[in-house]
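Just below is one structure, and these are the notes that go with it.
Residue numbers (this note's numbering): 325 to 566.
Have a look at this one:
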């Protein structure tokens with residue numbers, strides 16, 4: 325639309341090297357020429373230069389077809405949504421002891437549950453045997469014996485009082501009792517066998533022990549779960565009267 329308020333269409337007049345536009349209402353004409361070293365220049369004749377400047381600016385507008393489709397310019401790229409991130413779980417799981425790490429179930433008997441035959445401490449007393457009271461009553465272990473098949477020595481148990489149900493007694497010999505390969509037997513005060521281990525071997529001299537798991541099988545390692553109540557006692561290698 326020109327300054328006189330009339331709509332007009334642009335017309336290009338073919339002059340060699342100088343495309344021009346004009347307004348049919350106000351008579352304005354603009355020629356676009358290039359002056360050496362000065363860039364593009366615009367000259368105007370007619371009633372107003374503003375009309376011609378507006379008309380010449382329209383020359384830079386990309387052409388459209390009759391249906392309104394844009395025939396120029398880059399094709400827009402459709403927007404893509406960012407992938408959703410996984411939501412961190414807030415639930416917690418309470419770890420449960422495995423069968424090899426659980427305290428043996430009470431089975432109505434006194435059991436050998438652990439034996440250290442080659443301890444880190446090489447001095448006398450470094451070895452030990454642990455007994456578990458699986459009965460429903462306290463058990464007095466006085467004058468019971470622990471025998472080593474390897475050395476042939478029987479040591480008498482000496483404890484301060486009876487062992488409550490579900491508790492354990494850890495017994496240390498007052499000298500070297502077990503061999504590095506051994507079978508250990510537990511007998512009551514009447515010399516009746518109560519329990520025994522399989523043939524066990526330990527030459528590592530570390531903190532690993534032979535222990536009985538919840539299924540009753542024997543394992544070698546660090547998985548022994550010590551009962552909450554443990555009383556320490558002694559294994560006397562020399563014969564004592566009962």
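We treat Cβ as the ideally placed atom computed from N, Cα and C, and that holds for glycine.
Length of the line joining the Cα atoms of residue i and residue j
i           : j           : result
residue 496 : residue 450 : 7 Å
residue 510 : residue 518 : 6 Å
residue 570 : residue 562 : In the structure as shown, the chain begins at 325 and stops at 566. Residue 570 is therefore absent and cannot be evaluated.
residue 566 : residue 464 : 13 Å
residue 508 : residue 462 : 23 Å
residue 440 : residue 490 : 21 Å
residue 542 : residue 484 : 28 Å
residue 555 : residue 455 : 10 Å
residue 499 : residue 453 : 13 Å
residue 559 : residue 551 : 20 Å
residue 553 : residue 481 : 18 Å
8 Å Cβ shell around residue i - same chain, five flanking residues per side excluded
i           : result
residue 513 : 466, 467, 468, 566
residue 477 : 471, 501, 561
residue 532 : 526, 544, 545, 546
residue 520 : 436, 507, 508, 509, 510
Residues sharing a beta bridge with residue i, DSSP
i           : result
residue 502 : Beta-bridge pairing links residue 502 to no other residue.
residue 488 : Paired residue(s): none; residue 488 is not in a bridge.
residue 524 : 506
residue 478 : 471
residue 517 : 511
residue 497 : 559
residue 455 : 436, 493
7 Å CB neighbourhood of residue i in its chain, flanking five on each side removed
i           : result
residue 442 : 504, 526, 527, 528, 529
Continuous beta strand (DSSP E) stretch holding residue i: start and end
i           : result
residue 545 : 542-545
residue 559 : 554-560
residue 438 : 434-440
residue 463 : Taken as a continuous stretch (DSSP letters only), residue 463 belongs to no beta strand (DSSP E), as it is neither H nor E.
Residues near residue i by beta carbon distance below 6 Å, same chain, minus five either side
i           : result
residue 474 : 503, 506
residue 457 : 434, 463, 487, 489, 491
Proximity below 8 Å, CB of residue i to CB of residue j
i           : j           : result
residue 479 : residue 557 : no
residue 438 : residue 544 : no
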